[in-house]
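Taking this note's numbering as reference, the numbering of the sequence shown is continuous, increasing by one, and the terminal residue is 1238. Yeah, the Cβ is synthetic: ideal placement off N, Cα and C, and Gly gets one too.
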Amino acid sequence: MEVLHNLFQTVAGMQWSDYLDIILVAFLIYKILPLIKSPSTVRIARAVLAVIIIAWLTSVLKLHTLNWILEQVLAVGLIAVVILFQPELRRMLDRLGSVKLKALLGLNESNQELDPIITQTVQACEVMSRERVGALIVFAREARLEEYFKTGTLIDGQVSEQLIRNIFFPKAALHDGAMIIRDGRIAAAGCVLPLSDSSRLSADLGTRHRAGVGMSEVSDAVVVIVSEETGTISVAVGGMLKRHLAPQTLERLLHNELCMDEPGQELAPLARLRRSIQKKGKGDHRNET
């Protein structure tokens, strides 16, 4: 009861600035955590947590020598983490540094802007699947993927079925690499992606599928893969691969992953405010007419 009493006294003594501080910190945590949630950052967190737990156990069990060693490890733990997990930390910082402000605040493209892009992509994948043409299409989200642009050719073209099929035509110069779609446009093609070394992937998967999964492991991108051997359409998200997708399933999956205002998905507060203002404006316009 004394703890609750002290808690109520603390809350009662808080000022408006304290409430604002808590709200802003909670909002930043809510928006940043999804950006750093990846297999690499999870490995870092597990390693740090394991060392902390072992150090606590050695203190409780009075294992003085081992506890002293772990305390020294924790004393230089930051440097050790930077050295051991340098590639993972670099990718994590790249993701955080490449996030657009409007994406962080929830001001993303609307469904009306993404619908034709998804439709053109699905139509191209359906034809390429039928003709057994391999394809690797990356949809960039918050992470801007700047480092992968350097490995390919900049295009900055409108997304269309014909352009996608021409790029991945077997005799085309850019057909072996990956296409990156960003901000509603085909930003680059012929890009080289990192390969996944996950042991969970099937042994029959080739380089194209491992590159797609690898891209989804190090970023928040949505990757569409069309197999050249079987014509199978797959999607990689968050290090997970969904295979044998029908065109209708592919379209629905892309809508769920790329459209922020789909039913069942929660909008960011500023995005909800923007939508309510737009609806009110449309309602007023209808009343005037």
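- Query: Under a three-way DSSP split, which group does valine 1167 fall into?
  - Reply: helix
- Note down the Cα distance separating leucine 1199 from arginine 1159, rounded to an integer number of angstroms. 19 Å
- Item | DSSP state of aspartate 970 mapped onto helix, strand, coil | helix
- Task: Spatial neighbours of valine 1186 within its chain, please: CB distance less than 7 Å, with the 5 preceding and 5 following residues excluded, ordered by chain position.
- Result: Ser1165, Val1171 and Glu1206
- What is the C-beta distance between valine 1173 and serine 1145, in whole angstroms, given that I count them as a contact (C-beta under 8 Å)? Not quite, the Cβ-Cβ distance comes to about 16 Å (not below 8 Å), so this is no contact.
- Alpha carbon to alpha carbon, how far is leucine 977 from glutamine 1197? Give it in angstroms, no decimals. 36 Å
- Are the segment 1131 to 1146 and the segment 1098 to 1105 touching, with three or more C-beta to C-beta distances below 8 Å? yes
- Distance CB(isoleucine 1130)-CB(alanine 1073) smaller than 8 Å: no
- Task: Return yes when the Cβ of leucine 1203 is within less than 8 Å of the Cβ of leucine 1194, no when it is not.
- Result: no
- Query: Would you say serine 1168 and alanine 1092 are within 8 Å of each other, going by their C-beta atoms?
  - Reply: yes
- Status (buried if at least 16 other CB within 10 Å, exposed otherwise) for alanine 1127: buried
- Message: For a test of the three-state rule: what should DSSP assign to arginine 1093, helix, strand or coil?
- Response: coil
- Is phenylalanine 957 helix, strand or coil by DSSP? helix
- Item | Member of Gly1188, Asp1153 and Val974 whose CA lies at the smallest distance from the CA of glutamate 1177 | Asp1153
- aspartate 1132 to isoleucine 1066, Cα distance in whole Å? 10 Å
- Task: State the start and end residues of the unbroken alpha helix (DSSP H) segment that holds glutamine 1021.
- Result: 1013 to 1024
- Tell me whether glutamate 1211 sits in a helix, a strand or coil according to DSSP, three-state version. Here the model assigns glutamate 1211 a pLDDT of 41, short of 50, so the residue's position is not dependable, and the following value carries that caveat. The answer is coil: DSSP assigns glutamate 1211 none of H, G, I, E or B.
- Item | Closest by C-alpha distance to alanine 891, when choosing among Val1000, Cys1208, Leu956 and Leu969 | Since the displayed the chain opens at 950 and closes at 1238, residue 891 lies outside it and no answer follows.
- Item | Within 8 Å, strictly: CB atoms of asparagine 1115 and alanine 1121 | yes
- Task: Starting from leucine 1190, follow the beta strand (DSSP E) in both directions and report where the run begins and ends.
- Result: 1189 to 1191
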